[in-house]
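Q: Numbers in the working numbering are just positions in the sequence shown, counted from 1, shifted up by 2.
Just so it is clear, CB atoms sit at the ideal spot from N, CA and C, and this is done for glycine as well.
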Amino acid sequence: ISEQAREPGEVLLTLVQFDTEYDFIHKGVPIQKVPRYKLVPRGSTALLDAVGRAINETGERLAKLPESDRPSLVIFVVMTDGHENSSHEFTKAQIKSMIEHQQHAYNWQFTFLGANQDAFAEASGIGIDAGGAADFSAHKVRAACLAVGSKVSRMRKQSREGETVLNEFTTEEREQMR
Numbered sequence: 003i004s005e006q007a008r009e010p011g012e013v014l015l016t017l018v019q020f021d022t023e024y025d026f027i028h029k030g031v032p033i034q035k036v037p038r039y040k041l042v043p044r045g046s047t048a049l050l051d052a053v054g055r056a057i058n059e060t061g062e063r064l065a066k067l068p069e070s071d072r073p074s075l076v077i078f079v080v081m082t083d084g085h086e087n088s089s090h091e092f093t094k095a096q097i098k099s100m101i102e103h104q105q106h107a108y109n110w111q112f113t114f115l116g117a118n119q120d121a122f123a124e125a126s127g128i129g130i131d132a133g134g135a136a137d138f139s140a141h142k143v144r145a146a147c148l149a150v151g152s153k154v155s156r157m158r159k160q161s162r163e164g165e166t167v168l169n170e171f172t173t174e175e176r177e178q179m180r
């Protein structure tokens with residue numbers, strides 16, 4: 003987060019902590035004003051419900067903005083240390099449809115990081131391309147966050163410069179989080 007705060011351009015951060023509960027820690031907060039926060043695992047993993055709710059709530063918030071105030075780039079990062087095991091609101095098929103809609107209609111970029119699972123298979127199952135997916139070691143959370151930060155910085159730079167935004171981890175980024 004501190005790396006993104008140093009980059010040029012405006013960034014608004016929404017952070018959701020999820021398990022059997024779903025809590026907005028930050029909701030569209032300018033990144034320079036985001037205090038440190040330590041996520042602590044609390045329970046089961048309602049991954050589909052968290053992703054579905056976050057997509058809906060973010061989409062609704064952005065839809066209320068005048069077109070000129072909407073962000074040119076939305077990067078949606080999912081980071082989980084567990085398999086889906088307790089969702090009740092959304093199915094995998096619904097999430098896949100929602101993600102594909104946001105990607106095609108609004109060019110949202112989705113990243114999926116998973117520990118203790120096959121992150122590529124899980125990401126693919128919900129419509130996230132392999133380039134934006136990565137496995138990380140549960141004991142290398144900081145390294146995973148640094149790798150995501152590096153990828154997000156690169157994507158933001160590409161967007162600022164009018165280039166095609168490539169939502170892909172480099173080989174080095176993948177290696178540092180294993």
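(1) For Asp-51, count the other beta carbons within 10 Å of its own beta carbon; 16 or more makes it buried, fewer makes it exposed. Which is it?
(2) Leaving aside the five residues before and after Phe-114 along the sequence, list all residues of the same chain whose C-beta is less than 7 Å from its C-beta, in chain order.
(3) Look up Phe-138 in the DSSP assignment and say whether it is helix, strand or coil.
(4) Apart from the five residues on each side of it in sequence, which residues of its chain come closer than 7 Å, Cβ to Cβ, to Ser-99?
(5) Using only alpha-carbon positions, find the residue among Arg-63, Glu-9, Phe-92 and Glu-177 that is nearest to Arg-162.
(6) Can you find the residues in the same chain that come closer than 6 Å, C-beta to C-beta, to Asp-27, ignoring five residues on each side of it along the sequence?
(7) Does DSSP classify Met-81 as helix, strand or coil?
(8) Contact between the segment 141–149 and the segment 167–178 is defined here as three or more beta-carbon pairs at a separation below 8 Å; is this criterion met?
(9) Going by alpha carbons, who is nearest to Glu-174 out of Lys-153, His-90, Gln-160 and Arg-158?
(10) Under DSSP, the beta strand (DSSP E) around Leu-17 begins and ends at which residues?
A: Based on what the coordinates show:
(1) Position 49 of the sequence shown, counting from 1, holds the residue named residue 51. Counting Cβ neighbours within 10 Å, Asp-51 comes out buried, since at least 16 surround it.
(2) Position 112 of the sequence shown, counted from the start, is the residue given in the question as residue 114. Answer for Phe-114: Val-80, Ala-121, Glu-124, Ala-125, Ile-130, Gly-134 and Ala-135, listed in chain order.
(3) Sequence index remark: in the sequence shown, residue 138 carries index 136 (1-based). In the structure shown, Phe-138 sits in coil (DSSP, three-state: anything other than H, G, I, E or B).
(4) Reading the sequence shown from its first residue, position 97 is the one you call residue 99. If we look at Ser-99 and ignore the five residues flanking it on each side, it has no Cβ neighbours.
(5) Position 160 of the sequence shown, counted from the first residue, corresponds to residue 162. Cα-wise, what sits closest to Arg-162 is Glu-9.
(6) Along the sequence shown, read from residue 1 onward, the residue named residue 27 stands at position 25. The question names Asp, yet the displayed sequence has Ile at residue 27. Here the set comprises Leu-17, Gln-19 and Tyr-39.
(7) Here residue 81 corresponds to residue number 79 of the sequence shown, with the count starting at 1. DSSP places Met-81 in strand when its eight states are reduced to three.
(8) yes
(9) To locate residue 174, count along the sequence shown from 1; it is residue 172. When each option's Cα is compared against that of Glu-174, the closest is Lys-153.
(10) Position 15 of the sequence shown holds residue 17. Element bounds for Leu-17: 14–20.
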